[in-house]
Amino acid sequence: GENVEQHPSTLSVQEGDSAVIKCTYSDSASNYFPWYKQELGKRPQLIIDIRSNVGEKKDQRIAVTLNKTAKHFSLHITETQPEDSAVYFCAASKGSNYQLIWGAGTKLIIKP
Amino acid sequence: EAGVAQSPRYKIIEKRQSVAFWCNPISGHATLYWYQQILGQGPKLLIQFQNNGVVDDSQLPKDRFSAERLKGVDSTLKIQPAKLEDSAVYLCASSPGTGNTGELFFGEGSRLTVL
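Protein chains in written order, with the numbering used here: chain A, -15 to 96; chain B, 2 to 116.
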């Protein structure tokens, strides 16, 4: 079945620097790739998603890139701020039922 | 718009006892998910409903877990008997259904501690 691997498990960056989190997936039929942010003790919330018919998507300081050939996708956060500190999860799914396979998460720490 | 409601927020039980969690999705959302999130891990799908039918329950430990979504609205997840390894946060999520953006809207979760 589908497997999603996420790296790194923990990422510490200086405030103002950029952060990059990478995920790889195994099922080449996957066509939907969301990223969720989960602050400590809170619910996961969608921050950005991308479909397999595009290679990049941006929303202000966050962007996601997709390489279908290599079967990996990445989250990029620029000009990091303290409120970016959270656990970020990538996921992948195929078809129309949105049965997501989740990565293990990356704890992002923003150092002041 | 009201979000996904879950209760109880916290529950502590001893092993072999039973527990039930309730979820009320966002009004009009056809798809409802129950996830188990163990500390430090990503959410694991337990069961997915489309209206009142089951789409996927392949990872639901059916010997002890059960879930229902009568009338295609709210849902309950039951664990009986509970084991120590069931300690986790149980997240309910909903989405409008097929053809939508794919965004899942999560509830605050129900944190279960099994002693």
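The beta-carbon is built from N, C-alpha and C at its ideal position, and this holds for glycine as well.
* Asked: Where Ile126 (chain B) and Lys78 (chain A) are concerned, what is the direct C-alpha to C-alpha distance, given to the nearest angstrom?
  -> Past the boundaries of the shown model lies residue 126 (chain B); chain B is included only from 2 to 116, so the question cannot be answered.
* To do: Could you tell me whether any Cβ in chain A is nearer than 8 Å to the Cβ of Leu46 (chain B)?
  => Translated into positions along the second sequence, residue 46 (chain B) becomes position 45. For Leu46 (chain B), the answer is yes, since a Cβ of chain A falls inside 8 Å of its Cβ.
* To do: Tell whether a beta-carbon distance below 8 Å holds between Pro28 (chain A) and Phe57 (chain A).
  => Here residue 28 (chain A) corresponds to residue number 44 of the first sequence, with the count starting at 1. Here residue 57 (chain A) corresponds to residue number 73 of the first sequence, with the count starting at 1. At a Cβ-Cβ threshold of 8 Å, Pro28 (chain A) and Phe57 (chain A) do not count as neighbours.
* To do: Report buried or exposed for Ile39 (chain B), applying the criterion of at least 16 other Cβ atoms within 10 angstroms of its Cβ.
  => If you number the second sequence from 1, residue 39 (chain B) lands on position 38. Burial state of Ile39 (chain B) is exposed, judged by a 10 Å Cβ sphere holding fewer than 16 other Cβ atoms.
* Within its chain, find whatever has a CB closer than 6 Å to the CB of Asp43 (chain A); leave out the 5 residues flanking it on each side and keep chain order. => In the first sequence, counting from the first residue as 1, residue 43 (chain A) sits at position 59. Taken in chain order, the residues that qualify are Ile32.
* **DSSP three-state assignment for Pro96 (chain A), whether helix, strand or coil** => Here residue 96 (chain A) corresponds to residue number 112 of the first sequence, with the count starting at 1. Looking at Pro96 (chain A) - three-state DSSP - the assignment turns out to be coil, as it is neither helix nor strand.
* Is Tyr82 (chain A) closer than 8 Å to Ser28 (chain B) when the C-beta atoms are compared? -> Residue mapping note: residue 28 (chain B) aligns to position 27 of the second sequence, counting from 1. Residue mapping note: residue 82 (chain A) aligns to position 98 of the first sequence, counting from 1. Cβ distance not < 8 Å, so Ser28 (chain B) and Tyr82 (chain A) don't count as in contact.
* Kindly say whether Tyr9 (chain A), judged by its beta-carbon, lies nearer than 8 Å to any beta-carbon of chain B. => Taking the first residue of the first sequence as 1, we reach residue 9 (chain A) at position 25. The Cβ of Tyr9 (chain A) sits no closer than 8 Å to any Cβ of chain B.
* Asked: Less than 8 Å separating the beta-carbons of Lys16 (chain B) and Leu116 (chain B)?
  -> Taking the first residue of the second sequence as position 1, residue 16 (chain B) is located at position 15. Taking the first residue of the second sequence as position 1, residue 116 (chain B) is located at position 115. A distance below 8 Å separates the beta carbons of Lys16 (chain B) and Leu116 (chain B).
* Taking only the alpha-carbon atoms, compute the straight-line gap between Ser120 (chain B) and Trp86 (chain A) and give it to the nearest angstrom. => One cannot answer for residue 120 (chain B) here, as it falls past the ends of chain B, which runs 2 to 116.
* **Same chain, Cβ closer than 6 Å to Phe3 (chain B), five either side skipped, listed in chain order** => Position 2 of the second sequence, counted from the first residue, corresponds to residue 3 (chain B). Looking at the sequence itself, residue 3 (chain B) is Ala, so the reference to Phe does not match. Excluding positions up to five away in sequence, the list is empty.
* Asked: Does Gly54 (chain B) get closer than 8 Å to chain A when you measure Cβ to Cβ?
  -> Position 53 of the second sequence, counting from 1, holds the residue named residue 54 (chain B). It does not; no Cβ of chain A falls within 8 Å.
* Could you name the residues of the segment 27 to 53 of chain A whose beta carbon sits closer than 8 Å to any beta carbon of chain B, in the order they occur along the chain? => Per Cβ criterion, the list reads Arg27, Pro28, Gln29, Leu30 and Asp33.
* Asked: What number of angstroms, rounded off, separates the C-alpha of Ser67 (chain B) from the C-alpha of Leu61 (chain B)?
  -> To locate residue 67 (chain B), count along the second sequence from 1; it is residue 66. To locate residue 61 (chain B), count along the second sequence from 1; it is residue 60. Rounded to whole angstroms, the gap between the alpha carbons of Ser67 (chain B) and Leu61 (chain B) is 8 Å.
* With 16 as the cutoff for other CB atoms within 10 Å, does Asp68 (chain A) come out buried or exposed? -> For this step, residue 68 (chain A) is matched to residue 84 along the first sequence. Classification for Asp68 (chain A): buried.
* Residues bridged to Asp33 (chain A) by DSSP? -> Your numbering for residue 33 (chain A) matches position 49 in the first sequence. Beta-bridge pairing by DSSP links Asp33 (chain A) to A:Pro18.
* Does the beta carbon of Gly110 (chain B) sit closer than 8 Å to a beta carbon anywhere in chain A? -> Reading the second sequence from its first residue, position 109 is the one you call residue 110 (chain B). Judged by the 8 Å Cβ criterion, Gly110 (chain B) is in contact with chain A.
* Identify which residue in A:Gly(-15), A:Asn(-13) and A:Ile5 has its Cα closest to the Cα of Thr(-6) (chain A). => Counted from its first residue, the first sequence places residue -6 (chain A) at position 10. Of the candidates A:Gly(-15), A:Asn(-13) and A:Ile5, A:Ile5 places its Cα closest to the Cα of Thr(-6) (chain A).
* Should Val5 (chain B) be labelled buried (16 or more other beta-carbon atoms within 10 Å of its own) or exposed? -> The count along the second sequence starts at 1 and reaches residue 5 (chain B) at position 4. Answer is buried; the Cβ neighbour count reaches 16.
* 8 Å Cβ cut-off: residues of chain A touching Pro107 (chain B) -> As a working note, residue 107 (chain B) is residue 106 in the second sequence. Note on residue identity: the sequence assigns Phe, not Pro, to residue 107 (chain B). Ordered by position in chain A, the residues that pass the 8 Å Cβ test against Phe107 (chain B) are Arg27, Pro28 and Gln29.
* Hey, would you say the C-beta of His(-9) (chain A) is under 7 Å away from at least one heavy atom of the ligand PLP? -> Among the components modelled here there is no ligand, and therefore nothing to report on the ligand PLP.
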